[in-house]
Amino acid sequence: MDISNAFQASYFVAFVMGLSTSLHCIGMCGSIIGTLTLSLSEEIRNKKALLWPFVINYNLGRILSYTIVGALAGAIEAMLSSPLGHGHGHRLLQLLSAMIMMCAGLYIAGWFPRFAYIEKLGAAAWIHIEPYGRRLIPVKSKTQALLFGMVWGWLPCGLVYAALTLAATTGNVSKAALTMLSFGLGTLPAVVGMGIMTGMLAKLSKIQQFKQAVGLLMIVIALLAALPWLNPMRMQHI
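Here the sequence shown stands for residues 793 to 1030, numbered as in the working numbering.
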């Protein structure tokens, strides 16, 4: 498989994005999981066998929301690209996706802090969604944990938006949904791992060299994703 074909495999790219960037999000997600864990009864908090189902449900709800938003992104892309022609519209979105991924990489590395402003795009919706999450605290059942996770999935996050632009480039509702599902699954090890390795993961996420390495990986992914669409020979056939 050549580079062009490999990096059009949005599921793989999305999974790597989730896996590589999730440690960066430990500060925000860690505080959320901490709040949720403290809202549970002492008996559940002190027994890992009882705590794990709640942690898993939080994350299943979060990933379910990512999947739903991915489907919406795919539907919107299909509608918006029609006036431009599918080829040109898809190419423009692919390049935009690569640019946003590159900016996300620079942000993770600490070289472009202003990228955080992109989170304001979802702030208006979050104002209306967040109160539903507060009503679910204290969490007393696994169903509540799942529902809270679904609310959590709408939390404004620049890295999620970067993954969403990648999902939108599929131009297909089901493929876009599966792309965001792949991204969510990529975040799962680090976010779930906070339940048992909080201290170690938190320290790792603060090491500047580690953050720069993750940021550079994102930049490389962005460049490789954009290469096929910057190829003059390919542009002639669009």
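Even glycine gets a Cβ: it sits at the ideal position worked out from N, Cα and C.
A quick note: this is a predicted structure, and the numbers were derived from the prediction, not measured.
- Between the stretch 913–927 and the stretch 838–847, the count of Cβ pairs shorter than 8 Å is below three; the stretches do not touch.
- Closest by C-alpha distance to F804, out of G1007, F904 and T962, is T962.
- Non-local beta-carbon contacts of S889 in its own chain, meaning distances under 6 Å to residues more than five positions away in sequence, involve T957, L958 and T961 in chain order.
- In the DSSP assignment, I836 falls within the unbroken alpha helix (DSSP H) covering E834 to R837.
- Looking from the CA of M1010, the closest CA among G914, I919 and A901 belongs to A901.
- If you draw a straight line from the Cα of A937 to the Cα of Y850, it comes to about 5 Å.
- One thing to note: G941 has its Cβ no nearer than 8 Å to the Cβ of Y858.
- Rounded to whole angstroms, the separation of the alpha carbons of H920 and M809 is 28 Å.
- Measuring C-alpha to C-alpha distances from T935 to each of A968, F846, I836 and R883 identifies F846 as the nearest.
- Leaving aside the five residues that flank T971 on each side, the residues in its chain whose CB is nearer than 7 Å to its CB run, in chain order, S802, Y803, A806, G862, L958, A959 and T962.
- Counting of Cβ neighbours within 10 angstroms places Y953 among the buried residues, the total reaching 16 or more.
- In this structure, L852 keeps its C-beta atom at 8 Å or more from the C-beta atom of G978.
- By the neighbour-count definition (other C-beta atoms within 10 Å, threshold 16), I999 is an exposed residue.
- Taking C-alpha positions only, L980 is separated from R854 by approximately 10 Å.
- Rounded to whole angstroms, A915 and Y909 show a C-alpha spacing of 10 Å.
- Straight across, the Cα-Cα distance linking S831 with S814 is about 24 Å.
- Excluding residues up to 5 positions away in sequence, P948, C949, G950 and Y953 lie with their Cβ nearer than 8 Å to the Cβ of E911 in the same chain.
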